[in-house]
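Reading through the structure tokens given below for one structure.
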Amino acid sequence: MPDQLLFAMEVMLNGLMAGVLYALVALGFVLIFKASGIFNYAQGVMALFSALTLVGIMDGQIPFSHLINAIFGTDLHHFGWHVPAVVAIFLTVIVMAVFAWLVQKFIFRHLVNQEPILLFMATIGLAYFLEGVGDLMWGSDIKKLDVGLPQGINEWIDITTFEAFGYGFFIDNLDISATIVAIILVAGLIAFSQYTKQGRALRAVADDHQAALSVGISLNFIWILVWSIAGFVALVAGIMWGAKSGVQFSLSLIALKALPVLMLGGFTSIPGAIVGGLIIGVGEKLFEFLIGPMVGGATENWFAYVLALLFLVFRPQGLFGEKIIERV
Amino acid sequence: MSGGNYVTADGRQIGNVLMEMKNITLRFGGVVAIKDISFDIHEGEIRAIIGPNGAGKSSMLNVISGFYHPQEGEVWFRGSRRPVMKPYQVAEQKIARTFQNIALFDGMSVLDNVMTGRLTSMKAGMFAQAIWKGKAEREEVENREVVEKIIDFLEIQAIRKTPVGRLPYGLKKRVELARALAAEPKLLLLDEPMAGMNVEEKEDMSRFILDVNDEFGTTIALIEHDMGVVMDLSDRVVVMDYGRKIGDGTPDEVRNNQEVIDAYLGVSHD
Ligand SMILES: Nc1ncnc2c1ncn2[C@@H]1O[C@H](COP(=O)(O)OP(=O)(O)OP(=O)(O)O)[C@@H](O)[C@H]1O
Ligand SMILES: [Mg+2]
């Protein structure tokens with residue numbers, strides 16, 4: 013096989029792995045948007061915040077220590093213990109559920125039936141507020157996150173591809189485990205929505221609020237539930253991204269990459285979010301590899317947005333949406 | 004007439020007061036949708052609410068089902084005063100409803116729509132379902148049985164798997180009734196169940212309503228514009244006009260009430 017093709021294949025595989033992450037963030041958006049019509053700008057910050065919290069708990073960091081020290085003149089930083097990853101993840105899930113409850117109680121309960129643009133503005137406020145709280149709670153330094161996922165080059169793939177093509181593919185173990193975790197997560201979500209009482213209620217709310225009320229569903233409860241699930245999805249995304257490049261505040265910017273993913277996949281389609289994420293992941297890596305050298309590189313910054321723009325022009329309903337026919 | 008138990012014209016024994024509305028007043032800003040209205044609904048009864056457009060009939064149903072909260076008055080259910088309740092809490096008390104403008108889950112099949120009617124009857128929570136699978140499965144089987152029975156009863160087997168969004172209007176109304184019945188309600192609230200139907204569909208729906216009342220002993224409160232239907236179906240009728248109650252009694256009593264006749268003939272209010 014020609015080298016160029018092999019490189020391209022390797023690039024594609026790596027793009028697929030990056031796409032998994034975009035897909036996860038987009039999934040969080042879709043869940044909340046479907047259930048409540050809220051476009052949650054804070055989804056990326058939720059990933060950041062949950063990852064910060066996870067690291068903080070694992071390292072035994074004292075929350076708000078800067079604040080406490082500034083007020084009381086103390087010099088506290090750590091509890092002096094370490095929490096195993098599994099326990100810390102569990103505790104972080106609880107923190108995200110409490111966050112969901114607070115968001116519902118103090119913000120969106122009071123904004124029921126408001127204009128979508130108003131809800132959107134509220135989530136922008138929420139995003140910056142949460143970013144500030146994350147900073148205050150855990151500090152703004154870049155943190156290492158290691159939850160015990162395997163890292164480094166996958167030897168088996170390297171050797172097998174080398175024997176087959178005379179060229180060893182470089183695939184990171186972390187990417188592989190991230191993909192597996194994401195598949196399990198999506199399968200779990202599907203099972204939840206199909207087979208549990210709460211999952212059914214969730215689908216009902218996503219379809220029609222009034223009808224949902226009449227069959228005995230508490231909208232408030234479902235919204236807390238869906239924000240909790242979105243928080244959990246954010247945590248998974250945060251762990252993956254954090255394990256790869258450290259937990260840092262630029263993490264919240266991945267939310268912006270989810271936007272073109274949503275334009276491709278549609279705002280209400282879960283398969284759309286997944287496929288859209290993968291297309292953007294592969295597309296931007298492949299584009300950079302093939303076209304990048306001709307235009308001086310750095311195409312990854314804008315490729316996704318241009319692709320989304322083309323979609324908006326030629327297929328505004330997204331990949332899986334039904335064709336929009338204007339009634340006159 | 005209201006108060007004690009009674010025997011209907013067709014010889015059915017009507018039970019005690021199930022629900023009582025006492026001096027209900029509901030305002031939307033300056034609009035008074037319901038003005039100091041009282042009436043009761045007995046167990047086993049088919050109670051109609053009639054009146055011209057904008058009289059406040061739907062508003063009354065919305066008060067009963069917890070969608071609207073009146074500024075004044077009391078709602079009594081099964082002998083005790085009901086606190087202010089959310090719609091889902093009312094549904095948990097086995098009060099089911101349909102809507103004037105049909106509210107179905109358009110993205111789901113008929114079967115799934117009717118299945119949502121079982122949500123209040125499902126006990127197993129999320130964690131029980133994850134841990135104690137057997138119990139959840141048994142419950143699922145029971146729920147299916149109830150749902151299938153209702154689907155047979157309303158003769159919608161043929162469209163079980165059809166997405167509801169594709170159904171014609173008349174069938175949608177029937178599916179909405181099926182979903183309400185799936186909750187096995189004590190009290191069933193129907194907001195214009197026959198609006199927009201042709202004669203044949205109306206006859207079917209009338210038959211279903213009578214059968215539900217007869218076979219399951221369900222108490223029914225319904226809003227209807229077609230006077231023929233109202234006279235045929237209902238045991239007692241409340242008549243509303245401009246938010247006020249202007250009549251209450253058997254169909255015959257109401258039909259001969261001068262104020263009711265005036266309201267329907269559009270005699271000017273002075
Ligand atoms: N949510 C609401 N907000 C504001 N006003 C309302 C609301 N619901 C009802 N109203 C007003 O209350 C009055 C009674 O309306 P309602 O829908 O109860 O009448 P109705 O008897 O059901 O009429 P129809 O036969 O047309 O269905 C009307 O003036 C209506 O505009
Ligand atoms: Mg009405």
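Protein chains in written order, with my numbering: chain A, 13 to 340; chain B, 4 to 273.
Ideal Cβ placement from N, Cα and C applies to all residues, glycine included.
For this session: Could you pull the start and end residues of the alpha helix (DSSP H) that glutamate 256(B) belongs to?
Result: The residue labelled residue 256(B) in the question sits at position 253 within the second sequence. Here the alpha helix (DSSP H) through glutamate 256(B) covers 254-258.
Exercise. For asparagine 280(B), which residues from the same chain have a beta carbon less than 8 Å from its beta carbon, with the 5 sequence-adjacent residues on both sides left out?
Worked result: The structure shown has nothing for residue 280(B), since chain B only spans 4 to 273.
For this session: With a cut-off of 6 Å, give the chain-ordered residues whose Cβ is closer than this to any heavy atom of ligand 1.
Result: Phe31(B), Val34(B), Ala36(B), Gly54(B), Asn56(B), Gly57(B), Ala58(B), Gly59(B), Lys60(B), Ser61(B), Ser62(B), Gln103(B)
Exercise. With 16 as the cutoff for other CB atoms within 10 Å, does tyrosine 53(A) come out buried or exposed?
Worked result: Here residue 53(A) refers to the residue found at position 41 of the first sequence. When all chains shown are included, tyrosine 53(A) counts as buried.
Exercise. What residues in its chain sit with their C-beta under 7 Å from that of histidine 221(A), if we drop five residues either side in the sequence?
Worked result: Along the first sequence, one-based indexing puts residue 221(A) at 209. For histidine 221(A), where only same-chain residues beyond five positions count, the Cβ hits under 7 Å are Leu231.
For this session: Round the Cβ separation of tryptophan 93(A) and glycine 68(A) to the nearest angstrom and send it over; I've been treating them as touching at under 8 Å.
Result: Taking the first sequence and counting its residues from 1, one reaches residue 93(A) at position 81. Taking the first sequence and counting its residues from 1, one reaches residue 68(A) at position 56. Contact doesn't hold; Cβ gap of about 12 Å is too wide.
For this session: Give a yes or no on whether the minimum CB-CB distance between aspartate 107(B) and chain A is below 9 Å.
Result: Looking up residue 107(B) in the second sequence gives position 104. Contrary to the premise, residue 107(B) reads as leucine rather than aspartate in this sequence. Cβ-Cβ to chain A under 9 Å: yes for leucine 107(B).
Exercise. Which residues in the same chain as tyrosine 267(B) place their Cβ atom closer than 6 Å to its Cβ, once the five residues preceding and following it in sequence are excluded?
Worked result: Translated into the one-based positions of the second sequence, residue 267(B) becomes position 264. Hits under 6 Å: none found.
Exercise. Given aspartate 109(B), which residues of its chain have a CB within under 6 Å of its CB, disregarding the five upstream and five downstream residues?
Worked result: Against the second sequence, residue 109(B) aligns to sequence position 106. If we look at aspartate 109(B) and ignore the five residues flanking it on each side, its Cβ neighbours are Val167, Gly168.
Problem set entry | Endpoints, beta strand (DSSP E) assigned at isoleucine 40(B) | Taking the second sequence and counting its residues from 1, one reaches residue 40(B) at position 37. Per DSSP, isoleucine 40(B) belongs to the beta strand (DSSP E) from 34-45.
Exercise. Can aspartate 194(B) be considered in contact with ligand 2, in the sense that its beta carbon sits closer than 8 Å to one or more heavy atoms?
Worked result: By 1-based counting over the second sequence, the position of residue 194(B) is 191. At least one heavy atom of ligand 2 is nearer than 8 Å to the Cβ of aspartate 194(B), so yes.
Exercise. If contact means a Cβ-Cβ distance below 9 Å, which residues of the region 200-219 of chain A contact chain B?
Worked result: Phe204, Tyr207, Thr208, Lys209, Gln210, Gly211, Arg212, Ala213, Arg215, Ala216, Ala218, Asp219
Problem set entry | Whole runs of the alpha helix (DSSP H) within the region 13-86 of chain A, excluding any shorter than 4 residues | 15-48, 55-70, 77-84
Exercise. Under 9 Å between C-beta atoms, does leucine 231(A) make it to chain B?
Worked result: Sequence index remark: in the first sequence, residue 231(A) carries index 219 (1-based). Closer than 9 Å to some Cβ of chain B, the Cβ of leucine 231(A) qualifies, so yes.
For this session: Report the option in Pro171(B), Ala51(B), Asp13(B), Leu157(B) whose CA atom is closest to the CA atom of phenylalanine 42(B).
Result: Residue 42(B) sits at position 39 when you count from the first residue of the second sequence. Cα-wise, what sits closest to phenylalanine 42(B) is Ala51(B).
Exercise. CB glutamate 296(A) to CB alanine 30(A), shorter than 9 Å?
Worked result: In the first sequence, residue 296(A) corresponds to position 284, counting from 1. In the first sequence, residue 30(A) corresponds to position 18, counting from 1. Cβ distance < 9 Å, so glutamate 296(A) and alanine 30(A) count as in contact.
Problem set entry | Span separating the alpha-carbon of glycine 309(A) from that of threonine 135(A) | By one-based count along the first sequence, residue 309(A) stands at place 297. By one-based count along the first sequence, residue 135(A) stands at place 123. Approximately 34 Å between the Cα atoms of the pair.
For this session: Spell out a yes or no on whether the region 274-283 of chain A and the region 41-56 of chain A are touching, meaning 3 or more CB-CB pairs, one atom from each, closer than 8 Å.
Result: yes
For this session: Give the residues of chain B in contact with alanine 223(A), contact being defined as C-beta atoms less than 7 Å apart.
Result: Residue mapping note: residue 223(A) aligns to position 211 of the first sequence, counting from 1. Per Cβ cutoff of 7 Å: Ala106, Leu107, Phe108.
Exercise. Closer than 8 Å: is that where the CB of isoleucine 226(B) sits relative to any heavy atom of ligand 2?
Worked result: Locating residue 226(B) in the second sequence gives position 223, where the first residue counts as 1. Yes.
Problem set entry | Nearest-angstrom Cα separation, counted from alanine 59(A) out to valine 245(A) | Along the first sequence, one-based indexing puts residue 245(A) at 233. Along the first sequence, one-based indexing puts residue 59(A) at 47. The alpha-carbon atoms of valine 245(A) and alanine 59(A) are separated by roughly 8 Å.
Exercise. How would you write the range of the beta strand (DSSP E) that glycine 76(B) sits in, first residue to last?
Worked result: Translated into the one-based positions of the second sequence, residue 76(B) becomes position 73. Start and end: 75-80.
Exercise. Does the beta carbon of methionine 4(B) sit closer than 9 Å to a beta carbon anywhere in chain A?
Worked result: Locating residue 4(B) in the second sequence gives position 1, counting from the first residue. Because methionine 4(B) sits at a pLDDT of 46, beneath the cut-off of 50, its placement in the model cannot be relied upon, and the point is left open.
For this session: Sort out for me which residues DSSP pairs valine 240(B) with in a bridge.
Result: The sequence position of residue 240(B) within the second sequence is 237, counting from 1. According to DSSP, valine 240(B) bridges with Ala51(B), Gly252(B).
Exercise. Given leucine 28(A), which residues of its chain have a CB within under 8 Å of its CB, disregarding the five upstream and five downstream residues?
Worked result: The count along the first sequence starts at 1 and reaches residue 28(A) at position 16. Correct list, in chain order: Thr191, Leu290, Gly293, Val294.
For this session: Express the C-alpha separation of threonine 208(A) and lysine 138(B) in angstroms, rounding to a whole number.
Result: Here residue 138(B) corresponds to residue number 135 of the second sequence, with the count starting at 1. Here residue 208(A) corresponds to residue number 196 of the first sequence, with the count starting at 1. Each residue's Cα considered, the two are about 13 Å apart.
For this session: Please confirm if the region 179-187 of chain A is in contact with the region 226-243 of chain A, defined as three or more CB-CB distances below 8 Å between the two stretches.
Result: no
For this session: Could you tell me the distance, in whole angstroms, from the CA atom of threonine 65(A) to the CA atom of phenylalanine 219(B)?
Result: Residue 65(A) sits at position 53 when you count from the first residue of the first sequence. Residue 219(B) sits at position 216 when you count from the first residue of the second sequence. Their backbone Cα atoms lie some 55 Å apart in a straight line.
Exercise. Taking the DSSP output, what are the residues bridged to phenylalanine 31(B)?
Worked result: Your numbering for residue 31(B) matches position 28 in the second sequence. Per DSSP, Val34(B).
Problem set entry | 7 Å Cβ shell around glycine 69(B) - same chain, five flanking residues per side excluded | By one-based count along the second sequence, residue 69(B) stands at place 66. The residues are Met88, Lys89, Pro90, Gln92, Val93.
For this session: For the region 141-159 of chain B and the region 193-205 of chain B, state whether three or more C-beta atom pairs, one from each stretch, are separated by less than 8 Å.
Result: no
Exercise. On the three-state DSSP scale, how would you describe methionine 4(B)?
Worked result: Mapped onto the second sequence, residue 4(B) falls at position 1. Since pLDDT at methionine 4(B) reaches only 46, below the 50 mark, its modelled position is unreliable, and the value read off the structure follows with that caveat. Under the three-state reduction of DSSP, methionine 4(B) is assigned to coil, being neither helix nor strand.
For this session: Could you run through the region 240-262 of chain A and flag, in chain order, every residue whose CB is less than 8 Å away from some CB of chain B?
Result: none
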